[in-house]
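Okay, structure first, notes after.
In the numbering used here, the protein residues as written are 1 to 141.
Put into C-alpha cells, the structure is as follows:
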C-alpha cells in the first residue's frame with residue numbers, strides 16, 4: 001500500500017488557479033490605453049513660436065495647420081511651397097464652403113514682418129476669412 005501525504009488546501013488551491021481571466025483583463029487594459037492615447041504628429045519644421053501673454057492652449061499637432069518656417073518655406077498637410085499650399089487652401093475652402101473656414105497659422109518668431117503681411121494678403125485673396133495665429137505663452141501683458 002502506497003501512502004501519499006495529504007496536500008495542504010492552499011497548495012491545492014494554487015494549482016487550480018486559472019490565469020486566463022487575469023491575462024484577458026491585462027490585454028483589455030492594454031488595448032484600451034492604446035486606443036485612447038493621443039498620437040502626436042511631428043511638425044514638418046522646427047519653429048520658435050512667437051510669445052504672447054494671452055496665448056491659449058492649442059495643439060498644432062492635432063489641427064490642420066499652415067507652418068511657415070524662418071526661411072519662408074510653407075508647409076500645409078502634404079503640400080510644401082507657397083503656390084502648392086495656396087492651391088490646397090483654395091480647394092479646402094471649396095470643400096468646406098458651408099462652414100466657416102479658420103486657418104491656423106504657426107510661424108517662426110524670426111520670420112520677417114513683410115513675409116507675414118504678404119501671406120495674409122495671399123490668404124485674403126483666396127477667400128480665407130479668419131486666421132488664428134498659434135503662439136506660446138510668456139511675456140508680460
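Backbone N, C-alpha and C define an ideal beta-carbon position, used for all residues, glycine too.
Remember, it's a predicted structure, so these values are computed and weren't measured experimentally.
Item, Value
"Residue from 134, 23 and 126 with nearest C-alpha to residue 94", "126"
"DSSP bridge partner residues for residue 102 (one or two, in chain order)", "130"
"CA-to-CA distance, residue 80 to residue 132, given in whole angstroms", "20 Å"
"Contact test: residue 136 Cβ vs the ligand SAM heavy atom, cutoff 7 Å", "The ligand content of the structure shown is nil, which means the ligand SAM is not present either."
"Beta-carbon gap between residue 51 and residue 69 smaller than 8 Å", "no"
"Identity of the residues DSSP links to residue 68 by a beta bridge", "74 and 107"
"Distance CB(residue 72)-CB(residue 115) smaller than 8 Å", "yes"
"Residue 34 burial status per 10 Å Cβ neighbour count (16 or more: buried)", "exposed"
"Cβ distance (whole Å) where residue 98 is taken to contact residue 129 below 8 Å", "That pair is no contact at about 14 Å."
"Residue nearest to residue 136 in terms of C-alpha spacing, selected from 88, 96 and 108", "108"
"Under 8 Å between C-beta atoms of residue 47 and residue 76", "no"
"Identified DSSP bridge partners for residue 152", "In the structure as shown, the chain begins at 1 and stops at 141. Residue 152 is therefore absent and cannot be evaluated."
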